[in-house]
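In what follows, a structure is listed as structure tokens, so that the remarks can point back to it.
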Amino acid sequence: MREPIVAAVAFDGISPFHLSVPCLVFGADRTQLGLPRFDFRVCAMEEGPIHTDAGLAILVPHDLSALDDADIVIIPSWKDLEAPLPQTFAQALTRAHRRGALIVGLCLGTFAIAAVGLLAGRKATTHWAYTDQLRTLHPDIAVDADVLYVDEGDIVTSAGVAAGLDCCLHIVRARYGAEAALRLARHVVLSPHRQGGQAQFIERPVAPTATTDRFTRALDQVRATLGEAHGLDEVAAAAGLTRRTFTRRFHKTIGTSFGDWLAEQRVALAQRLLETTDKSMDAVAFDAGFGSATSLRQHFAARLRTSPVQYRREFSRQDRAENPRGTIAASA
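For the sequence shown, our numbering gives the first residue as 910, with consecutive numbering after it.
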């Protein structure tokens, strides 16, 4: 089976950091982490040198023909947000989408995808400071300013800057499984999983105190015992807070509700158990805290758009050796 082809689109004036995000995730040999060897390509409107906004010049080895057989096309950012896309780029992007490539817009890269009409009538996000501009330029897009990334199946868009890393990890998780994504996150020293629905930024960061330390310990204890029941009042008491104060602090600190966070942690544990063990569905459901295989199926259907049986079939270690590419079927 051929190596999955990932093409990242660069341009004059690109930020080196934005370009480095797909390079970090897909550009290095990660086979020791259980990922395939990617055929990673950086391309531009024309091959040759481009200038970055940091004063560096980059020699780009590919032109837009690199998109013609790419499995994943990543636009790490964009410039001239109100100008039409260069015709050759618009045509190459449209062709790639039409033949089934996954199209990914990181940060302002969402604007490039929107400019060719691929997001019309769909949900998307971008850097929070530019969401109003995206709405104004493309009123037919359902813009969500409060999330890290949006997975529409064939198109994925992310919020700004570091959220691009979360988005790329999500793609790895969806195609190659939670265990591979966890190992990659550890290898590059990233948070293993920030769900797409988390807020882009925290309005008032919480200063470290004895109370927040207790708050952190309470969440660590929940993560360590996901198979047990964890009522909101019980966890709030363990954190030394009232239910109301805990709920408010949790949202400010984590960017989502405690219930959503707990369900996401349990789904992630169930994914790893399905990938790395041969436990029955009832045992996986019990260990992950869902209580029953029925509840496990409901959560997988809602969050991953698949069933636990199908997930194990696609991502168990044995099956991954036979089917290294996998399929994208997840939406955090």
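Ideal Cβ positions, reconstructed from N, Cα and C, are used throughout, including at glycine.
In this structure, does DSSP put residue i in helix, strand or coil?
i	result
residue 1149	coil
residue 1029	coil
residue 1036	coil
residue 1113	Because residue 1113 sits at a pLDDT of 36, beneath the cut-off of 50, its placement in the model cannot be relied upon, and the following sentence gives the value as read from the coordinates. Three-state DSSP puts residue 1113 in coil, outside helix and strand.
residue 1185	helix
residue 1094	helix
residue 1051	strand
residue 1240	The predicted position of residue 1240 is uncertain, since its pLDDT is 34 and thus under 50; a value taken from the coordinates is nonetheless stated next. In this structure, residue 1240 counts as coil in the three-state DSSP scheme.
residue 1211	helix
residue 1122	helix
residue 921	coil
residue 1065	strand
residue 916	strand
residue 1059	strand
residue 926	helix
residue 1070	coil
residue 1140	coil
residue 1134	coil
residue 1190	helix
residue 1199	coil
residue 1204	helix
residue 1165	coil
residue 1099	coil
residue 1222	helix
residue 1157	helix
residue 911	coil
Please say whether residue j and residue i have beta carbons closer to each other than 7 angstroms?
i	j	result
residue 1202	residue 1191	yes
residue 1167	residue 1148	no
residue 984	residue 1070	no
residue 949	residue 913	no
residue 1224	residue 1216	no
residue 925	residue 963	yes
residue 994	residue 1020	no
residue 1087	residue 1177	yes
residue 1142	residue 1126	no
residue 1026	residue 987	no
residue 1010	residue 982	yes
Can you give the beta carbon distance from residue i to residue j, rounded, assuming they're within the 8 angstroms contact cut?
i	j	result
residue 1081	residue 1072	About 15 angstroms; that fails the 8 angstroms criterion.
residue 1049	residue 1062	Not a contact, Cβ separation roughly 18 angstroms.
residue 1013	residue 1052	Not a contact, Cβ separation roughly 17 angstroms.
residue 1183	residue 1220	6 angstroms
residue 1041	residue 1058	Not confirmed; about 19 angstroms, so no contact.
residue 979	residue 937	The pair is not a contact, with the Cβ atoms about 18 angstroms apart (cut-off 8 angstroms).
residue 1078	residue 1094	6 angstroms
residue 1022	residue 1015	That pair is no contact at about 10 angstroms.
residue 1200	residue 1137	That pair is no contact at about 11 angstroms.
residue 1194	residue 1204	6 angstroms
Is residue i close to chain B? Criterion is C-beta to C-beta, closer than 7 angstroms.
i	result
residue 1016	Within the model displayed, chain B is absent; a lone protein chain is all it includes.
- Query: Three or more C-beta pairs closer than 8 angstroms, one from the stretch 931–943 and one from the stretch 956–974: is that the case here?
  - Reply: Not touching, per the Cβ criterion.
- Any chance you could list the alpha helix (DSSP H) runs of at least 4 consecutive residues sitting entirely within the stretch 975–1024, in chain order? Complete alpha helix (DSSP H) runs here, min 4: 996–1007, 1018–1024.
- Below 8 angstroms, can you find three or more Cβ-Cβ pairs linking the stretch 1088–1099 to the stretch 1145–1163? Too few Cβ pairs lie closer than 8 angstroms, so no.
- Task: Specify whether the stretch 992–1006 and the stretch 1033–1049 touch according to this definition: at least 3 beta carbon pairs, one from each stretch, less than 8 angstroms apart.
- Result: No: fewer than three Cβ pairs fall under 8 angstroms.
- Taking only runs of the alpha helix (DSSP H) that begin and end inside the stretch 936–980, which ones reach a length of at least 4 residues, in chain order? Listed in chain order, nothing qualifies, since the stretch 936–980 has no complete alpha helix (DSSP H) run of 4 or more residues.
- Query: Are the stretch 989–1001 and the stretch 923–935 in contact at 8 angstroms, needing three or more beta carbon pairs?
  - Reply: Segments in contact, no.
- Cβ pair count under 8 angstroms reaching 3, the stretch 954–971 against the stretch 1129–1140: Judged by pairs of C-beta atoms under 8 angstroms, the stretch 954–971 does not touch the stretch 1129–1140, as fewer than three such pairs exist.
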